[in-house]
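**Q** Residue numbers (the numbering used here), protein chains in the order written: chain A, 1 to 519; chain B, 520 to 1038.
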């Protein structure tokens, strides 16, 4: 490892000023907002898009969606939808009119305004793994329940890596903190360890309101400033098939009324809670998402909304969920076509079923990340750190995934395939002629420093050099980086007054008992 | 492992009749010719294609390419090209006229005519790893020089896996066989262990002629039948920059004159033997390929030719070659655009720089395989089994790669994104409504068996079940499959008379001393 880390320990380099702290451990790409310049992969012909749209509209018109939220039912009734008990049916004209009010692009501004994210357009943004109840790392060598310390470590990686643009839910659920106050401690950690775009779980009024309050405090914002533009977001899932629960809709309504952003991500596993056919699962997913987005647009027209997809399939023999499969890739691409049809930004995910950060983990994750690219996804959830179908967070996997995310960022830089005369390099080719090599040419000397992608984790040495340095497999190298990065981590700057106000808020809310845990 | 292999040991299933033998070990996809239905990813605008074309033409017109083959020089002179010493310059009109004679599609017919391959069009074909001098497997745990036994094992995998369409060069170089007779023993092994499309190294007259003779014997073909259509192929590399050596051109001329297929694959590592700019490296690669193809078309108009790419880059700090990088992906896509511009079928590769079958190996390989898909590649060399930049062949990597190749095959099946009324599944969605699940519906029951991709190596069990069965990482699982597949392997049928004739040929040629080893 001595040689290996020596190779990585170049200080400075291309790491951006925003992350100068700790940047010496690896030479990573600077903070940037990737622009997806590729034409999306579109498996559906226009009539296929129409067929899925028609299916989604018929689901909403004829079958309906259950909303276990009385406020939502009242709003739908007021809007003229057909409400019977908790079942809501709505006409396509209403749905399309409401969805049309959602912006196709918007921004989310975190406490560090340099980290402001444009959502939509051709922007491609990555977030950390969110919500696994368990944790695995190579040192432990086993799956354990998440802790606050592990959650903090994963938040440090979230902040450290420039290719991670937003903080999702808890990167691991810290079950060593009582559920009534967990959101307070973790939000404090998130807001102090990172300065990136922030998320709130929609798990009851108190949690949502607390998070909004803490985001306000961290940003030094008045209520007016907070409401003026999105400063944070929530992500909700439907309870497929065709149901939205109480707290998720409640949280979204609270955010929508204060101008914050909402991601609606049905979790439709084909063969289980959705049809065994991928187009059917996508149509159901679209229906579940659109009816919620319609609700939010009716309540607060122009609310920034993102349509999410989590359509995969189960193994029909075992019932186990499958991720990063061909079916997953195609359904993500199909959803991309539908999102463009509705003019909504889109979320998908980096996913795998593998239990450890091995070969399977990386082919499944690569499949899902490239599907995100091909689908025109704007927000990629779980882009780093996910294992076991989302039940495990792993720091090694986080770091391995970041190498792939950097690949994608670099892949999107048009310089790679520029074809100016300088790029065609006729003169250099003539100079070298039919013998020799290009190392020493002026053309090479002028360009070599930035010519190619520089990995921080891939080991390109030959076998003998690699073996001589310890012969470490990828996950082992990632583990060492994890220990170095977290050991050297320095928090982003925060004014003492703001830090104190956050601490006071947390203390006060803990005294008040935090949030109810009967959800 | 007991549970794990039990899960895989379903007999029969979808494995095709052609590979019924040994099929019980895993349930793999049947032999099929994948059709690439995706629109290629095209980073270059039309003017970019023109710029690279112009660059390639100027290289051929103004700089020229060295041919260290007197016969080629004489032919070029006869064709009116400017030949000075061993340097050949040729006008673009000549190049384009000759390249225009190459067919855009053709077939290669091996001894088992059920394995006939269509090259070109939208067909996407995979070949095994070719030519590593060394071998690594998990049991050895180290890199060793290749042996005939290891080569035979890898040929068994080549035959066993339906997703491998053609046999490339030796899957590992068996250095325990003297170089003078190595081609005889390995070709005997290749022709008896596999019945797939066969390759000859262009490494001197004797080797090429011997392989052609053995392919004839194995197919029971007269010389007339052999020459009537491609029965095999060779693959050559240029000696970049801008040079073709003696034996490779010699071998190609021998094949071209007997109607066999030729793949021309310049090996242009940007920053080393090609410009540091990817467009420059591609332009040089195109020039190196086209001049050879022009030669073969002049000699034998209509010779089936494939334009190959091996454009990647070196690490500018260490000089180590990099594979599966963003630069590699984009140059492969660019070459795809150029291949379509010239109307030639294309070859690219499955590659990585990793030394062991770990996470890095799979993200680099996934990148390169998906780039093959995105570029519209027709022949994917090294699609299974390659490590350490092609210096190591690994059976575990071979089997891991086959899982990814099956993903790609499945991904290309339009059934996944069909949108008929059956696929949209409105009635099933209505039946399930807002509660329950889809497992038990008739719609699911009618479709579940073939609804989703079934892996043979990915483990989709949850952590506890996986751990309880031994907690094996992907490479370990692949190793066990390797041992099972090779232990149970049965050769494809071959008539005794043909086998005897092959043995006689090998014996006779060995008595004659085989081939010279002074190349």
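All C-beta atoms, glycine included, are put in the ideal place defined by N, C-alpha and C.
Express the C-alpha separation of residue 955(B) and residue 83(A) in angstroms, rounding to a whole number.
**A** As a working note, residue 83(A) is residue 83 in the first chain. As a working note, residue 955(B) is residue 436 in the second chain. Answer to the nearest angstrom: the Cα atoms are 21 Å apart.
**Q** Pick helix, strand or coil for residue 143(A), following the three-state DSSP scheme.
**A** Along the first chain, read from residue 1 onward, the residue named residue 143(A) stands at position 143. If DSSP states are grouped into helix, strand and coil, residue 143(A) belongs with the strands.
**Q** With three or more beta-carbon pairs closer than 8 Å as the criterion, would you say the region 796–814 of chain B touches the region 575–588 of chain B?
**A** Taking a contact to require three or more Cβ pairs closer than 8 Å, the region 796–814 of chain B and the region 575–588 of chain B qualify as touching.
**Q** When you compare each of 697(B), 944(B) and 860(B) to residue 63(A) by their alpha carbons, which one comes out closest?
**A** Within the first chain, numbered from 1, the residue matching residue 63(A) stands at position 63. Closest option to residue 63(A), Cα to Cα, is 944(B).
**Q** Could you compute how far the alpha carbon of residue 546(B) sits from the alpha carbon of residue 975(B)?
**A** For the purposes of this step, residue 546(B) is taken as the residue at position 27 of the second chain. For the purposes of this step, residue 975(B) is taken as the residue at position 456 of the second chain. Cα to Cα, residue 546(B) sits roughly 6 Å from residue 975(B).
**Q** By the 8 Å beta-carbon criterion, what residues does the region 82–108 of chain A contribute toward chain B?
**A** 87
**Q** Can you give the Cα-Cα distance for residue 43(A) and residue 451(A), rounded to whole angstroms?
**A** Residue numbering aside, residue 43(A) sits at position 43 when the first chain is read from its first letter. Residue numbering aside, residue 451(A) sits at position 451 when the first chain is read from its first letter. About 34 Å.
**Q** In chain order, which continuous runs of the alpha helix (DSSP H) of length 4 or greater are located wholly inside the region 148–181 of chain A?
**A** 148–160
**Q** Just the chain B side, please: which residues come within less than 8 Å of residue 342(A) by C-beta, in chain order?
**A** In the first chain, residue 342(A) corresponds to position 342, counting from 1. By Cβ distance, chain B contributes nothing, its closest Cβ being about 17 Å from residue 342(A), past 8 Å.
**Q** Counting Cβ pairs closer than 8 Å, one from the region 378–392 of chain A and one from the region 1001–1013 of chain B, do we hit at least three?
**A** Between the region 378–392 of chain A and the region 1001–1013 of chain B there are fewer than three inter-stretch CB-CB distances shorter than 8 Å, so the stretches are not counted as touching.
**Q** What residues in the region 276–290 of chain A bring their beta carbon closer than 9 Å to a beta carbon of chain B?
**A** 276, 277, 278, 279, 280, 281, 282, 283, 284 and 287
**Q** Using the beta-carbon of each residue, which ones in chain B are nearer than 7 Å to residue 243(A)?
**A** The count along the first chain starts at 1 and reaches residue 243(A) at position 243. Correct list: 953.
**Q** Between the Cα of residue 254(A) and the Cα atoms of 297(A), 266(A) and 157(A), which residue gives the shortest distance?
**A** Counting from 1 along the first chain, the entry for residue 254(A) is found at position 254. Residue 254(A) has its Cα closest to that of 297(A), out of 297(A), 266(A) and 157(A).
**Q** Using a C-beta to C-beta distance shorter than 8 Å, which residues of chain B count as neighbours of residue 453(A)?
**A** Here residue 453(A) corresponds to residue number 453 of the first chain, with the count starting at 1. By Cβ distance, chain B contributes 841, 844, 845 and 846.
**Q** May I ask you to list, following chain order, the residues of the region 560–574 of chain B that have a beta carbon less than 8 Å from some beta carbon of chain A?
**A** 560, 561, 562, 563, 566, 567, 570, 571, 573 and 574
**Q** Measure the C-alpha to C-alpha separation of residue 677(B) and residue 999(B) and round it to an integer number of angstroms.
**A** In the second chain, residue 677(B) corresponds to position 158, counting from 1. In the second chain, residue 999(B) corresponds to position 480, counting from 1. Between residue 677(B) and residue 999(B), the C-alpha separation is close to 17 Å.
**Q** In chain A, which residues lie less than 8 Å from residue 654(B) when you measure between Cβ atoms?
**A** Along the second chain, one-based indexing puts residue 654(B) at 135. Chain A residues near residue 654(B): none, gap ~11 Å exceeds 8 Å.
**Q** Taking Cβ positions only, does residue 468(A) come closer than 8 Å to chain B?
**A** Residue mapping note: residue 468(A) aligns to position 468 of the first chain, counting from 1. Cβ-Cβ to chain B under 8 Å: no for residue 468(A).
**Q** Please classify residue 603(B): does DSSP put it in a helix, a strand, or coil?
**A** For this step, residue 603(B) is matched to residue 84 along the second chain. Residue state, collapsed to three classes: strand.
**Q** Just to confirm before moving on: does the CB-CB distance between residue 654(B) and residue 646(B) stay below 8 Å?
**A** As a position in the second chain, residue 654(B) is number 135, starting the count at 1. As a position in the second chain, residue 646(B) is number 127, starting the count at 1. No, they are not a contact pair.
**Q** Pairing CB atoms from the region 829–838 of chain B with CB atoms from the region 785–797 of chain B, are three or more of them under 8 Å?
**A** With the cut-off at 8 Å, the region 829–838 of chain B and the region 785–797 of chain B touch.
**Q** Using the beta-carbon count (16 or more within 10 Å), is residue 292(A) buried or exposed?
**A** Counting from one through the first chain, the residue named residue 292(A) turns up at place 292. Around the beta carbon of residue 292(A), 16 or more other beta carbons lie within 10 angstroms, which makes this residue buried.
**Q** From the beta carbon of residue 410(A), is the nearest beta carbon of chain B less than 8 Å away?
**A** Position 410 of the first chain, counting from 1, holds the residue named residue 410(A). Output row for residue 410(A): interface = yes.
**Q** Shorter than 8 Å from the beta carbon of residue 68(A) to some beta carbon of chain C?
**A** This model lacks chain C altogether, as its protein chains are A and B.
**Q** Who are the near neighbours of residue 150(A) in its chain, counting only those whose CB is closer than 6 Å to its CB and skipping five residues on each side?
**A** For the purposes of this step, residue 150(A) is identified with residue 150 of the first chain, where counting begins at 1. 135 and 172.
**Q** Between which two residues does the alpha helix (DSSP H) harbouring residue 740(B) extend?
**A** For the purposes of this step, residue 740(B) is identified with residue 221 of the second chain, where counting begins at 1. Element bounds for residue 740(B): n/a, residue is neither H nor E.
**Q** Could you name the residues of the same chain whose beta carbon sits closer than 7 Å to that of residue 739(B), not counting the 5 residues immediately before and after it, in chain order?
**A** For the purposes of this step, residue 739(B) is taken as residue 220 along the second chain, with counting starting at 1. If we look at residue 739(B) and ignore the five residues flanking it on each side, its Cβ neighbours are 1017.
**Q** Note down, in chain order, each residue of its chain lying with its Cβ closer than 8 Å to the Cβ of residue 242(A), except the 5 sequence neighbours on either side.
**A** Locating residue 242(A) in the first chain gives position 242, counting from the first residue. Excluding residues within five positions, the ones whose Cβ falls inside 8 Å are 59, 63, 64, 65, 66, 284, 287 and 288.
**Q** Taking the alpha carbon of residue 849(B) as the reference point, which residue from 463(A), 409(A), 326(A) and 330(A) has its own alpha carbon closest?
**A** Here residue 849(B) corresponds to residue number 330 of the second chain, with the count starting at 1. Its Cα nearest to that of residue 849(B), the residue 409(A) stands out among 463(A), 409(A), 326(A) and 330(A).
**Q** Please classify residue 374(A) as buried or exposed, where buried requires at least 16 neighbouring CB atoms within 10 angstroms.
**A** If you number the first chain from 1, residue 374(A) lands on position 374. So residue 374(A) counts as buried.
**Q** Taking CB distances under 8 Å as the criterion, tell me whether residue 945(B) reaches chain A.
**A** In the second chain, residue 945(B) corresponds to position 426, counting from 1. Answer yes: the Cβ-Cβ gap between residue 945(B) and chain A drops below 8 Å somewhere.
**Q** Please list the partners that residue 437(A) has in chain B, where partner means a Cβ-to-Cβ separation under 7 Å.
**A** As a first step, residue 437(A) must be located in the first chain, where it is residue number 437. 791 and 792, listed in chain order.
**Q** Just to confirm the assignment, what range does the beta strand (DSSP E) spanning residue 347(A) have?
**A** Your numbering for residue 347(A) matches position 347 in the first chain. Looking at the DSSP string, the run of the beta strand (DSSP E) that includes residue 347(A) is 346–349.
**Q** Would residue 854(B) and residue 801(B) qualify as a contact pair, given that the criterion is a beta-carbon distance under 8 Å?
**A** In the second chain, residue 854(B) corresponds to position 335, counting from 1. In the second chain, residue 801(B) corresponds to position 282, counting from 1. Yes.
**Q** Once DSSP output is grouped into helix, strand and coil, what is the label at residue 824(B)?
**A** Taking the second chain and counting its residues from 1, the one referred to as residue 824(B) is at position 305. The DSSP-derived three-state label of residue 824(B) is strand.
**Q** With 8 Å set as the bound, which would you pick, yes or no: does the beta-carbon of residue 922(B) sit closer than that to a beta-carbon of chain A?
**A** As a working note, residue 922(B) is residue 403 in the second chain. Answer yes: the Cβ-Cβ gap between residue 922(B) and chain A drops below 8 Å somewhere.
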